Amino acid sequence: EETSKAPVAAATGGISNVFAELSKIDQSSGKTAGLRHVTKDMKSKNLPPPKEGGVKKTGLKKKFGSSISTTHNPVFEIRGPKWQVDYQKDCVKTIEADQISIKNTVYIHGCEGATIVVKGKCNTITVDACKKTQVVFETVLATCEIVNSKSVKVQCNVNSPTISIDKSDGVTVYIMKRDVVKEIKFVTAKSSEMNVSYPSANEDEGFLEHALPEQFVHQIGSEDNVSTQVSDLYGH
Numbered sequence: 020e021e022t023s024k025a026p027v028a029a030a031t032g033g034i035s036n037v038f039a040e041l042s043k044i045d046q047s048s049g050k051t052a053g054l055r056h057v058t059k060d061m062k063s064k065n066l067p068p069p070k071e072g073g074v075k076k077t078g079l080k081k082k083f084g085s086s087i088s089t090t091h092n093p094v095f096e097i098r099g100p101k102w103q104v105d106y107q108k109d110c111v112k113t114i115e116a117d118q119i120s121i122k123n124t125v126y127i128h129g130c131e132g133a134t135i136v137v138k139g140k141c142n143t144i145t146v147d148a149c150k151k152t153q154v155v156f157e158t159v160l161a162t163c164e165i166v167n168s169k170s171v172k173v174q175c176n177v178n179s180p181t182i183s184i185d186k187s188d189g190v191t192v193y194i195m196k197r198d199v200v201k202e203i204k205f206v207t208a209k210s211s212e213m214n215v216s217y218p219s220a221n222e223d224e225g226f227l228e229h230a231l232p233e234q235f236v237h238q239i240g241s242e243d244n245v246s247t248q249v250s251d252l253y254g255h
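Letter by letter, the sequence shown follows residues 20 to 255 in this note's numbering.
This is the structure:
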């Protein structure tokens, strides 16, 4: 019957031979046999930095939630019957009277800090998605519409039958002629901080300014009809 080497060595050479025999045995079943001992200066954290031109970075990952800046080219040109005025910023653009007619429409979109002047007569003017922008026009035959905009000022020098304000905040409309004030209709929806300014009948008072109501009171009548009144907040 076979016996282990360690007891035999213990019987022949004492305890020193036991340790000598154990050191010959691969304690990891061959997994670490022949491996070099790793010294302190060989550890990766103590290695010198790689030279330039060595390992190239393949690209940086975009951080979650970081914004992507998008720039648009400004547009100021007539396309068929429509004047296209897009992405004007911190500037003044003028459409002269000889560049427009009653058949033309004007579409002002995505402007910020700009002043757009429309001389002469046109069919409609639309101010869409603009911010801190001023629009000055002479005469509109149909309507001037402000939609999806914020902090916009519109000045009507002659006339506009209808001025529409939709989904906008901080809109001020200036009517420059006293004799057309009562002819202009204001149509508003889903908007706030709307004001209209116009000349007073008394020249000494200059311009008057009133807030356009944004709060209403609705009530069911005796005949199941709905009646609507402006909130008392606008009664003064």
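Ideal Cβ placement from N, Cα and C applies to all residues, glycine included. Predicted model only: the values in this text are computed from it and were never measured.
How many angstroms separate the CA atom of VAL236 from the CA atom of VAL245?
-> About 10 Å.
Can you tell me the Cβ-Cβ gap for SER187 and LYS169, rounded? I've got them flagged as a contact below 8 Å.
-> With a Cβ gap of about 7 Å, SER187 and LYS169 count as contacting.
Inspect the beta-carbon positions of VAL159 and ILE144 and report whether they are closer than 7 Å.
-> For the pair VAL159 and ILE144, the CB atoms are nearer than the 7 Å cut-off.
Between VAL199 and VAL177, what straight-line distance do the alpha-carbon atoms span, to the nearest angstrom?
-> Cα to Cα, the separation comes out at about 8 Å.
Apart from the five residues on each side of it in sequence, which residues of its chain come closer than 8 Å, Cβ to Cβ, to LEU227?
-> Once the five neighbours on either side are set aside, the close Cβ partners of LEU227 are SER216, TYR217, PRO218, SER219.
Under the three-state reduction of DSSP, which class applies to LYS201: helix, strand or coil?
-> LYS201 falls in the helix class under three-state DSSP.
On a CA-only basis, which of ARG197, VAL190, LYS196 is nearest SER210? Give me that one, please.
-> Selection ARG197, VAL190, LYS196 evaluated against SER210 yields VAL190 as nearest (Cα-Cα).
Helix, strand or coil: how does DSSP classify GLU228 here?
-> Looking at GLU228 - three-state DSSP - the assignment turns out to be strand.
Would you grab the beta carbon distance between GLU157 and VAL137 for me? Rounded to a whole angstrom, and I think it's under 8 Å.
-> Contact between GLU157 and VAL137 holds, since their C-beta atoms are separated by about 7 Å, short of 8 Å.
Please name the residue, chosen from VAL166, ILE194, ASN142, VAL154, that lies closest to CYS110 on a Cα-to-Cα basis.
-> When only C-alpha atoms are compared, the closest one is VAL154.
Tell me whether ASN221 is buried or exposed, calling it buried when 16 or more other Cβ atoms sit within 10 Å of its Cβ.
-> Within a 10 Å sphere around the beta-carbon of ASN221 sit fewer than 16 other beta-carbons, which makes this residue exposed.
Under a three-way DSSP split, which group does GLN118 fall into?
-> In the three-state DSSP reduction, GLN118 falls in the helix class (H, G or I).
Look at the Cβ atom of ALA148, then the Cβ atom of GLY129, and state whether they are nearer than 7 Å.
-> Going by C-beta atoms, ALA148 is nearer than 7 Å to GLY129.
Under 7 Å between C-beta atoms of ASN123 and PRO100 | Yes, they are a contact pair.
If we count the other Cβ atoms within 10 Å of its Cβ and call it buried at 16 or more, is ILE114 buried or exposed?
-> Within 10 angstroms of the beta-carbon of ILE114 lie 16 or more other beta-carbons, which makes it buried.
Residues of its chain near LEU79, where Cβ-Cβ distance is below 8 Å and the 5 sequence neighbours each way are ignored = Since pLDDT at LEU79 reaches only 49, below the 50 mark, its modelled position is unreliable, and no value is offered.
Distance, PRO180 Cα to THR247 Cα = Near 24 Å, if we compare the C-alpha coordinates of PRO180 and THR247.
Identified DSSP bridge partners for ASN178 | DSSP output for ASN178 lists THR158 as bridge partner(s).
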